[in-house]
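Peer 1: Once you've had a glance at the structure underneath, I'll fire off some questions.
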Amino acid sequence: MYDFLTGPMLWATFIVSFGGLLVRSVMYVKGLSWQLDRVAYRPQMKYGIRGGLRSILAFIIPFRARLWRVRPGFTLIFFAFHIGLLVTPIFLEAHNVMLKNAFGISLPTLPTGLADVLAWTCLAGGLFLTLRRIAFPEVRIITTFYDYLLLVITVMPFITGLIARYEMGDYNFWLAAHILSGEIWLLALPFTKLSHVVLFFMSRMQLGMDYGIKRGGMKGTDMAW
Amino acid sequence: MPEGKFCNKTPINTEEQLKATLGDKGGKQYYEEMNHLDVDSDKLWAAIQKTMKSRTKTWLEICAHCGLCAESCFLYQVNGRVPEQVPSYKIQSTLGVMVKKKGKVDNEFMQMCMETAWSKCTCCNRCGMYCPHGIDMGVMFSYLRGLLYSQGFVPWELKIGSGMHRVYRAQMDVTTEDWVETCEWMAEENEEDWPGLEIPVDKVGADIMYTCNAREPKHYPEDIAEAAILFHVAGENWTVPSEGWEQTSLSMFAGDWECCKDNVLNVYAALERLKPKRAIGTECGHAHRATVIEGPYWAGRPDGQPPVPYIHYVEWLAEALRTGKLKIDPAKRIKEPVTLQDSCNYVRNQGLKNVTREIISYIVEPGYFVEMAPNREHNYCCGGGGGFNGIGLYREQRNVALRKKMEQILDTGAKLVIAPCHNCWDAIRDLEEEYKIGIRWSFLKPLVIKMLDVPEHLRPTEE
């Protein structure tokens, strides 16, 4: 089982997941239309790129955009969740050992204590994000079963990973569950709303180009995101 | 049921149709007919497939349902923060469902969409600034309006408004003759006080071609006279076109994209005919957006620019004051608390936030200008944007919407509001009528004229 999950299944997962995300990005750009979107992408590329980068930076740097400043509580939870989600798996020592065995390369690794903190932060963030969906009417009305399902798919690798890491119960079972849930998450990326891992950048870039070209950029007044 | 006499899928294209529809007072029969109007699902789905590409499709798909857009919407704020006013909910429950059902929706659904699109969103685009994914619900509602319009589900006034543009190429029944006569009349009316005042029509090769909002010749022609006076005092070489003078677009509010294109091409044709160095539009937000910001795209201009540099009135005024073409008598500057309404259509949509404040620095005594909070691109809609002001069916909802601006103005403590946009001006007037908070409101032109330092040779000779 373990050999299958870390062998052919892992390869298939990577190909489908990363290949799928690449396809989605390419399709996004191909589907842009200067006339339908009413943005002169090509002729005003310089203004567009500038606006697009401003737009992305404003939203990936905590407290940079006005949105992040007016909602400090949410901002902390949101960034903690996403940082934990991205940083932990990439720099986890155990993952890098696998990488080393397969390709002979590895990335810098997180000290175990920090990795634990990040994983727990991510879980706590996920819990808060779930609770606010239930607690706030303005979030509840737009929340669907699908939103909860995606949250579960996203945090499951962390739950199973932590259980395995603390060696609670049957280690081999939880390790297999961890790998499987991680693969489910990766496979879900291109086919669900989780595609925002790349489409966030596409969408932000597009609106940033809109602002940079049409809505102020060419007048020399940058929008204060 | 087959389509109604007034409420149908065919745009108003003749004067006869227009007058008949206008004759249906308040749209009584029109809305009755709407209850029986069929949805052409195949056509609707075909239109969606053809026009819904990356941007809108992705926006609908990746909306994380986080609810951060809620507080960004003034309609959510003034309507008791009911969840039905959350921007994401508004668009997902209308356009989102329409797409999910591949256009197979019924009359009741379309009427709900109409109400949402025209009474729960003014397309102010503020939510777009507060969505982490950069989803602009205003843009999507504008798109939805187009789909609704093509199926005949559009408020009566906007069906007429777009018909007006189709028949007269103006949002009101102002013909070329009416327009030219109004210009002549206004020049005559004011030449005693302003010797040498002219409103030159169809002058080829002038520095400036001036365009306006049809409300001006129709309801307040003094606005045209004021523009003329300021150009005159500034010594500008200017003209107005006899055709292509109207730069507003109720068709943009209605979602009648074909008509939008026709209108803007009409203005651009005037530019090509008269070959001015640049064009200047009046103090109007949506007119500027229609002719200068979105217009080039409707007209199929790949660079997104009008044929000649085309600026908003505030840009010209700031320039005239900066370069000394117009001089302000310091003794006549505004010496009372005054605030400024930032129009969504040229501030959030074209970044003209600093020039208006530059104008303020010339015409207001230091210390008297009070900013609204929030302001500039974060300012709230006047409450009546996107056609909301003019729709009788939604008057009550519009009056509630005005409360946000009322609160903002009251918080400044100012009794005078400068509103360099027709629509904002109207909304603030209605707000005073409705809530009687004791404020005055003004365009820039009359204020500036009152405080001008007029050069000796332009003054009337004393007899």
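Protein chains in written order, with the working numbering: chain A, 1 to 225; chain B, 1001 to 1463.
In this text, a Cβ means the ideal position worked out from N, Cα and C, and glycines have one as well.
In this text the structure is predicted, and so the values were computed from the model without any measurement.
How many angstroms separate the CA atom of B/T1461 from the CA atom of B/R1440?
Peer 2: Counting from 1 along the second sequence, the entry for residue 1461 of chain B is found at position 461. Counting from 1 along the second sequence, the entry for residue 1440 of chain B is found at position 440. About 33 Å.
Peer 1: For B/T1239, which of helix, strand or coil comes out of DSSP?
Peer 2: Walking along the second sequence from the start, residue 1239 of chain B turns up at place 239. Residue state, collapsed to three classes: strand.
Peer 1: Taking only runs of the alpha helix (DSSP H) that begin and end inside the segment 1033–1083 of chain B, which ones reach a length of at least 4 residues, in chain order?
Peer 2: Here the runs fully enclosed are 1041–1051, 1054–1062 and 1074–1078.
Peer 1: Taking only the alpha-carbon atoms, compute the straight-line gap between A/L162 and A/A177 and give it to the nearest angstrom.
Peer 2: Within the first sequence, the letter at position 162 stands for residue 162 of chain A. Within the first sequence, the letter at position 177 stands for residue 177 of chain A. Taking the straight line joining both Cα atoms gives about 11 Å.
Peer 1: Taking Cβ-Cβ distances below 9 Å as the criterion, which residues of the segment 197–224 of chain A are in contact with chain B?
Peer 2: So the list reads L199, F200, M202, S203, R204, M205, Q206, L207, G208, D210, Y211, I213, K214, R215, G216, G217, M218, K219, G220, T221, D222, M223 and A224, given in the order they occur along the chain.
Peer 1: Smallest Cα separation from B/H1219: which of B/H1232, B/D1426 and B/T1010?
Peer 2: Locating residue 1219 of chain B in the second sequence gives position 219, where the first residue counts as 1. Ranking B/H1232, B/D1426 and B/T1010 by Cα distance to B/H1219 puts B/D1426 first.
Peer 1: Tell me whether B/T1356 is buried or exposed, calling it buried when 16 or more other Cβ atoms sit within 10 Å of its Cβ.
Peer 2: For this step, residue 1356 of chain B is matched to residue 356 along the second sequence. Its Cβ being crowded by 16 or more others within 10 Å, B/T1356 is buried.
Peer 1: So with CB distances below 7 Å, who are the chain B contacts of A/F136?
Peer 2: What you label residue 136 of chain A is simply residue 136 of the first sequence in a count that begins at 1. Those are G1067, listed as they occur along chain B.
Peer 1: Taking A/L149 as the reference, which of B/A1064, B/V1370, B/N1389 and B/P1276 has the closest Cα?
Peer 2: Here residue 149 of chain A corresponds to residue number 149 of the first sequence, with the count starting at 1. When each option's Cα is compared against that of A/L149, the closest is B/A1064.
Peer 1: Measuring CA to CA, which of B/S1093, B/C1073, B/S1119 and B/I1224 is closest to B/I1199?
Peer 2: Start at 1 with the first residue of the second sequence, and residue 1199 of chain B comes out as number 199. Measuring from the Cα of B/I1199, the nearest candidate turns out to be B/I1224.
Peer 1: Using a Cβ cut-off of 8 Å, which residues of the segment 30–45 of chain A contact any Cβ in chain B, in chain order?
Peer 2: Here the close residues are K30, G31, L32, S33, W34, Q35, L36, D37, R38, V39, A40, R42, P43 and Q44.
Peer 1: Below 8 Å on the Cβ atoms is my guess for B/H1422 versus B/C1260; work out the distance and round it to an integer in Å.
Peer 2: As a working mapping, residue 1422 of chain B is identified with position 422 in the second sequence. As a working mapping, residue 1260 of chain B is identified with position 260 in the second sequence. 18 Å between Cβ atoms; not a contact.
Peer 1: Throw me the rounded Cβ distance for the B/F1153 and B/C1121 pair, which I believe falls under 8 Å.
Peer 2: The residue given as residue 1153 of chain B occupies position 153 in the second sequence. The residue given as residue 1121 of chain B occupies position 121 in the second sequence. In fact, because the Cβ distance is near 15 Å, the residues do not count as touching under 8 Å.
Peer 1: Hey, how far is the Cα of B/N1345 from the Cα of B/C1124?
Peer 2: Counting from 1 along the second sequence, the entry for residue 1345 of chain B is found at position 345. Counting from 1 along the second sequence, the entry for residue 1124 of chain B is found at position 124. Each residue's alpha carbon lies about 7 Å from the other.
Peer 1: With H, G and I counted as helix, E and B as strand and the rest as coil, what does DSSP make of A/M27?
Peer 2: If you number the first sequence from 1, residue 27 of chain A lands on position 27. In this structure, A/M27 counts as helix in the three-state DSSP scheme.
Peer 1: Between the segment 125–142 of chain A and the segment 25–35 of chain A, are three or more C-beta pairs nearer than 8 Å?
Peer 2: No contact exists between the segment 125–142 of chain A and the segment 25–35 of chain A.
Peer 1: With B/G1351 as the anchor, note down where its alpha helix (DSSP H) starts and where it stops.
Peer 2: Translated into positions along the second sequence, residue 1351 of chain B becomes position 351. No alpha helix (DSSP H) contains B/G1351, which DSSP labels as neither H nor E.
Peer 1: Can you tell me whether B/H1036 is buried or exposed, with buried defined as 16 or more other CB within 10 angstroms of its CB?
Peer 2: Position 36 of the second sequence, counting from 1, holds the residue named residue 1036 of chain B. Exposed, because fewer than 16 other Cβ atoms sit within 10 Å of the Cβ of B/H1036.
Peer 1: Which residues, in order along the segment 1293–1313 of chain B, keep a beta-carbon less than 9 Å from a beta-carbon of chain A?
Peer 2: Answer in chain order: I1293, E1294, P1296, Y1297, W1298, G1300, R1301, P1302, D1303, G1304 and Q1305.
Peer 1: Which two residues bound the contiguous beta strand (DSSP E) that contains B/V1338?
Peer 2: Here residue 1338 of chain B corresponds to residue number 338 of the second sequence, with the count starting at 1. Element bounds for B/V1338: V1338 to L1340.
Peer 1: Is there a C-beta anywhere in chain B that falls below 9 Å from the one on A/R140?
Peer 2: Reading the first sequence from its first residue, position 140 is the one you call residue 140 of chain A. It does; some Cβ of chain B falls within 9 Å.
Peer 1: According to the Cβ coordinates, are B/I1062 and A/K193 closer than 9 Å?
Peer 2: Along the second sequence, read from residue 1 onward, the residue named residue 1062 of chain B stands at position 62. Along the first sequence, read from residue 1 onward, the residue named residue 193 of chain A stands at position 193. Against a cut-off of 9 Å, the Cβ pair of A/K193 and B/I1062 comes out as a contact.
Peer 1: Which chain A residues sit within Cβ distance under 7 Å of B/Y1130?
Peer 2: One-based indexing of the second sequence puts residue 1130 of chain B at position 130. Per Cβ cutoff of 7 Å: L67.
Peer 1: Straight-line CA distance for B/E1177 to B/F1006?
Peer 2: As a working note, residue 1177 of chain B is residue 177 in the second sequence. As a working note, residue 1006 of chain B is residue 6 in the second sequence. Cα to Cα, B/E1177 sits roughly 29 Å from B/F1006.
Peer 1: Between B/G1080, B/S1054, B/R1403 and B/G1387, which lies nearest to A/P137 when the distance is taken from Cα to Cα?
Peer 2: To locate residue 137 of chain A, count along the first sequence from 1; it is residue 137. If we check each option's Cα against that of A/P137, B/G1080 comes out closest.
Peer 1: Excluding the five sequence neighbours on either side, which residues of its own chain have a C-beta within less than 7 Å of the C-beta of B/E1003, listed in chain order?
Peer 2: The residue labelled residue 1003 of chain B in the question sits at position 3 within the second sequence. K1009, L1037 and G1152, listed in sequence order.
Peer 1: Starting from B/G1281, follow its DSSP beta bridges and name the residues at the other end.
Peer 2: For the purposes of this step, residue 1281 of chain B is taken as the residue at position 281 of the second sequence. B/T1211.
Peer 1: Report the residue ranges of all alpha helix (DSSP H) runs contained in full by the segment 1398–1440 of chain B; include only those spanning at least 4 residues, in chain order.
Peer 2: Qualifying alpha helix (DSSP H) stretches, in chain order: 1422–1435.
Peer 1: Considering only residues of the same chain and omitting the five flanking positions on each side of A/T154, which have a CB-CB separation below 8 Å?
Peer 2: Sequence index remark: in the first sequence, residue 154 of chain A carries index 154 (1-based). Contacts found: L85, G126, W185 and L194.
Peer 1: Alpha carbons only, please: which of A/F63, A/M202, A/L118 and A/L151 is nearest the one belonging to A/P26?
Peer 2: In the first sequence, counting from the first residue as 1, residue 26 of chain A sits at position 26. First, the amino acid is wrong: residue 26 of chain A is Val here, not Pro. Out of A/F63, A/M202, A/L118 and A/L151, A/M202 has the C-alpha closest to the C-alpha of A/V26.
Peer 1: Do you know offhand how far B/I1293's Cα is from A/R69's?
Peer 2: Sequence index remark: in the second sequence, residue 1293 of chain B carries index 293 (1-based). Sequence index remark: in the first sequence, residue 69 of chain A carries index 69 (1-based). One C-alpha to the other measures close to 30 Å.
Peer 1: Based on the DSSP secondary-structure assignment, which residues constitute the bridge partners of B/Y1310?
Peer 2: Walking along the second sequence from the start, residue 1310 of chain B turns up at place 310. B/A1279.
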